[in-house]
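Please read the structure below before turning to the comments.
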Amino acid sequence: FGIIYNTIVILKIVIDTNVFISALRSSHGASYRLLGLVGKDRFTTYVSVPLVLEYESTAKRQSRSIGLLHSDIDDILDYLCMVSEHRRIFFLWRPFLKDPKDDMVLELAVEAEVEYIVTHNLKDFHGVEHFGIKAITPKEFLRKIGEIP
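My numbering puts the first residue of the sequence shown at 1, with every later residue one more than the last.
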């Protein structure tokens, strides 16, 4: 599954919207640290148009409470799109999970053949193991890549 460069396995992930929003809300914690590592060759992130639109709509809806301008959110999303791998989804086998927005994340993860969906809502992704994917928290993922003990 992972991409191998010079015998280093680069893990492949999809970041759930709740982790993205958590990272924007606070500069403390695992979500912020994870987002800060995007594009630094520690792992590969995957996005799709529906997922980026979900990130955008959720972040802009909460922009006042997050403390960011819409233009700040646009800049963050532009960077994320620039450094992430893009996938188009050509199949829909919904519903598999309870929430259609979680199904969108799972469909991207399956298409991109990622190892992990990084989320705060592990229970929402119950059953993704069927696809060879593990739901994992940001803190667990950072441990896995050696960023925290």
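Note that CB positions come from ideal geometry on N, CA and C, so glycine has one too.
Bear in mind the structure is a predicted one, so any value in this text is a computation, not a measurement.
Contact check for S31 and P138: beta-carbon distance about 5 angstroms, within the 8 angstroms limit, so the pair qualifies.
DSSP places E115 in the coil class of the three-state scheme, outside both helix and strand. In the DSSP assignment, T45 is bridged to I13.
In the DSSP assignment, K139 is bridged to no other residue. Apart from the 5 residues on each side of it in sequence, S22 sits with its Cβ closer than 6 angstroms to the Cβ of S31 in its chain, given in chain order.
L53 and P149 have their C-alpha atoms some 34 angstroms from each other.
Take the alpha-carbon of F141 and the one of A59: they are about 23 angstroms apart. Contact annotation: L108 and V14 have beta-carbon atoms nearer than 8 angstroms. Taking 8 angstroms as the cut-off, the Cβ atoms of I133 and E111 do not count as close.
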